[in-house]
Amino acid sequence: MLVFAISDKGGTGRSVTGTNIVYRHALQGNDVCYLDFDFGSPTAGAIFSVSAVARGTRENGLHHYLRGECPQPRRVDVWAESDREGLRARPPGAGRLVLLPGSEGGGELSALTDEVVGRCVQLLGRLDEEFDLCVVDVSAGRSFTAELVLAATVRMPAIPFRWLVFHRWTRQHIIAADGLVTGADGLLDVGTRFGHDPEDLRDRIRFVRTAVLEPDAAELVGLRDEQRAWLSACDSELRELAGRHGVGRTAMLGKIPLDPVLQWREQLITDEDVLASKIANAETAAAFDDLAKKIVDDSAWEGL
Amino acid sequence: MLVMGEVHTGLLQNSGEISESTCRQVLGLMTGETVRVSRRPIVHALSPERLTGVDCALPTASRSRVRGVGTVVSRCAVTGGRVAQGSSYVRLVRSEADRRLPWSHYLARPGVVEVLGKAKAADLAEGFTGDSAPGCLNLGAVSGRFLDLVQASPLLDRRAPFKIPRTSLRWVAETGEPSIRFTLHTEQERTLRLTHPGPFTPAVVDLCEDLATHDWLLTSLLVIVERARIGGTPGAQAAARLAPAIDHLMHLWMPAARVEEWLTPFWESLERRPGFTRQWRSLVDRVRDQVAMNALALLSATAEAGRR
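Keeping their order, the protein sequence lines are chains A and B.
Numbering-wise, the working numbering puts 68 at position 68 of the first sequence, and it's gapless, one number per residue.
Numbering-wise, the working numbering comes out as the position in the second sequence, counting from 1, plus 1000.
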């Protein structure tokens, strides 16, 4: 299963949610890998706490590979190479957790050639042979990278793939997320141009809401009644807006609650963060765990 | 001087094993040339050979610059309709010229790479089996590409029953006093140093491919048994996780089936140490015992329910 993670804007928590999903999926006993295709700022290494590739790798990064500069991209075994003590030992029953870092200072792809698409097809095909789940961080907005994976997946009709569109729970983000999928030069538009069936592609896209503050959340206990009423009104307004833009409940795969840890530092939320040091909320870890299950659960992906 | 090659082995990306006739189509990389199939003791299909022209640096342990020009021979194989391989090799020969000759010269010598400049066989052998140096002849890249070709065949449904990594076996063969050394490096990389009596023949390549197939089978069965977490999970769950091994791998063990008589002593020596078949048998017994135990538990649970 290939999963492409994209967001309408930067700062939506796409990378931190994507990495936490693969981490949870590995803990659930699957072999997983994470590909940092965010060529503008490859920072997945930092989230996995692998300092050697915190800002990408100098040699054999994904960017080098796609440009044909190395035969295979570098692989980082997170269980072996993470600097974080809680990650350095593979928990019993967990699967492999592999990061393919981007190239340090690689820059965005400047053009989409047949060779680049061919290399992408080869890479994704090989990874699909050995990993249960490959999450590809496609970066924010419309980019050559998004076009690259749309072009590549047309050439691999037998390999299952899905798209996750991350957005925050605000007016602008809801409208932009819809635009990224259905707007001009959006995913459906470009995908159809490359030869995808628009209906089929639409069924492979789901939305994930990030940094969501529920009106009944524990964090809001100290608020005045007027503030709470205002928030609740905003929330129902947003729900109505989301429904109109096709970003509503039916098209949503999951939502990640606002968590102070993720606001301050992009990192994996381990069970230790929840149970021992108690810096993270149990709801956040549960939301990641739930998403990691739903991502491969066909019943959550039935046609809209 | 010496012969070196690399074999990549992986699970054929199909839900079930494929028939002999599908094997022929999948491996028919070149029109007009036939796929060779042997049926006993296990169906083995071998594609026609293809050449790749190379003119590049050769890996050396001393990092001295040695240039090689010629062609790489590659082929694909499918064993038991289930295990796919991409395999490439070159025969290194000292060049009589001190410059590159017209391509017709190299095309008349398929699979030969002529070495320009001073080079010692031992240095090249060490270099090839050591850490791969960037910019040098990379037979693994060629073999990987040929394996991709098989896996991307439109005749395969790509719904493999389980995910499993490919393994690579890099080998070097020389003429001399017989010896064999098989080394495991990372989880997926292996090297083989072989010294055989008499001149090189393609039978040596068959031996290396046969070893690669069995090493992959053993590696994959180990992975499946590890994933089952016997003892750490309920018996029924462990047995369910072992099922793919029974369905798809356990009947494929046929060591030295395609190895010529004069090379079988090499297989036999590996059977003594480290003992491939010994480990395989113990794993297979373990899998069967787990499944039998689980069946017993189910039976007694049913009987219990019947009495109530």
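Here a beta-carbon is modelled for each residue, glycine too, at the ideal position from N, C-alpha and C.
As the structure is a computational prediction, the values presented were derived from the model and not from experiment.
Rounded Cβ spacing between residue i and residue j (contact assumed at less than 8 Å)
| i | j | result |
| --- | --- | --- |
| B:LEU1101 | B:THR1071 | Contact flag wrong, Cβ pair sits at about 13 Å. |
| A:PHE131 | A:ASP31 | 5 Å |
| B:THR1173 | B:HIS1196 | Note on residue identity: the sequence assigns Ala, not Thr, to residue 1173 of chain B. Indeed, because the Cβ distance is near 6 Å, the residues count as touching under 8 Å. |
| A:VAL22 | A:LEU164 | Incorrect: roughly 12 Å between the Cβ atoms, too far for contact. |
| B:LEU1270 | B:ILE1164 | Their Cβ separation, rounded to whole angstroms, is 22 Å, which puts B:LEU1270 and B:ILE1164 out of contact at 8 Å. |
| B:HIS1066 | B:ARG1091 | This sequence places Val at residue 1066 of chain B; His is not what is there. Incorrect: roughly 15 Å between the Cβ atoms, too far for contact. |
| A:ASP8 | A:ALA218 | Wrong, their Cβ atoms sit about 29 Å apart, outside the cutoff. |
| A:ILE256 | A:THR17 | 6 Å |
| A:ALA140 | A:GLY10 | 5 Å |
Beta-carbon neighbours of residue i, restricted to chain A and to distances below 8 Å
| i | result |
| --- | --- |
| B:PRO1244 | Under the 8 Å cutoff, chain A gives no residues; its nearest Cβ is about 13 Å from B:PRO1244. |
| B:ARG1166 | ARG126, GLU129, GLU130 |
| B:ARG1050 | Those do not exist, as B:ARG1050 stays about 18 Å from chain A at its closest Cβ, beyond 8 Å. |
| B:LEU1011 | GLU129 |
| B:GLY1232 | PRO92, GLY93 |
| B:GLN1290 | Those do not exist, as B:GLN1290 stays about 17 Å from chain A at its closest Cβ, beyond 8 Å. |
| B:ASN1138 | PRO71 |
Cβ-based burial, residue i [other Cβ within 10 Å; buried from 16]
| i | result |
| --- | --- |
| B:SER1015 | exposed |
| B:TRP1262 | exposed |
| B:HIS1185 | exposed |
| B:ALA1301 | exposed |
| A:VAL221 | exposed |
| A:ARG14 | buried |
| A:ASP225 | exposed |
| A:GLN122 | buried |
| A:SER299 | exposed |
| B:THR1219 | buried |
| B:HIS1251 | exposed |
| A:GLU240 | exposed |
| B:THR1167 | buried |
| A:SER236 | exposed |
| B:ARG1308 | exposed |
| B:ASP1215 | buried |
| B:PRO1234 | exposed |
| A:ALA276 | exposed |
| B:CYS1076 | buried |
Cross-chain neighbours of residue i in chain B, by beta carbon under 7 Å
| i | result |
| --- | --- |
| A:GLN122 | ASP1148 |
| A:ILE159 | ARG1158 |
Residue i: first and last residue of the uninterrupted beta strand (DSSP E) it sits in
| i | result |
| --- | --- |
| A:GLY40 | Here A:GLY40 belongs to no beta strand (DSSP E), and DSSP marks it neither H nor E. |
| A:ILE256 | 252-257 |
| B:GLN976 | For residue 976 of chain B there is no data in the structure shown, the boundaries of chain B being 1001 and 1308. |
| B:ASP1055 | 1050-1057 |
| B:GLU1271 | Unbroken run through B:GLU1271 is the alpha helix (DSSP H), 1264-1272; no beta strand (DSSP E). |
| A:ILE6 | 2-7 |
| A:SER139 | 133-140 |
| B:SER1038 | 1036-1038 |
Coarse secondary structure for residue i, derived from DSSP in three states
| i | result |
| --- | --- |
| B:PHE1146 | helix |
| B:GLU1177 | coil |
| B:THR1195 | strand |
| B:HIS1044 | strand |
| A:LEU188 | helix |
| B:GLU1189 | strand |
| B:SER1168 | strand |
| B:SER1074 | strand |
| B:HIS1251 | coil |
| A:ALA54 | strand |
| A:ILE159 | coil |
| B:MET1004 | strand |
| A:ASP271 | helix |
| A:VAL212 | strand |
| A:PHE207 | strand |
| A:ARG228 | helix |
| A:ILE295 | coil |
| A:GLU302 | coil |
| A:PHE288 | helix |
| B:ILE1230 | strand |
| A:SER103 | strand |
| A:HIS245 | coil |
Continuous alpha helix (DSSP H) stretch holding residue i: start and end
| i | result |
| --- | --- |
| B:GLY1241 | The sequence given here has Arg at residue 1241 of chain B, not Gly. Run containing B:ARG1241: 1235-1248, per the alpha helix (DSSP H) assignment. |
| A:CYS70 | Counting along the chain, A:CYS70 falls outside any alpha helix (DSSP H), and DSSP gives it neither H nor E. |
| A:VAL149 | 144-154 |
| A:GLU81 | 78-81 |
| B:GLU1114 | Not the alpha helix (DSSP H): B:GLU1114 falls in the beta strand (DSSP E), residues 1112-1116. |
Beta-carbon neighbours of residue i, restricted to chain A and to distances below 7 Å
| i | result |
| --- | --- |
| B:ALA1141 | PRO71 |
| B:ALA1152 | GLY125 |
Proximal chain B residues relative to residue i, where beta-carbon distance stays under 8 Å
| i | result |
| --- | --- |
| A:ASP31 | LYS1163 |
Amino acids of chain A, ordered along the chain, whose beta-carbon sits closer than 9 Å to that of residue i
| i | result |
| --- | --- |
| B:ARG1229 | GLY29, PRO92, GLY93 |
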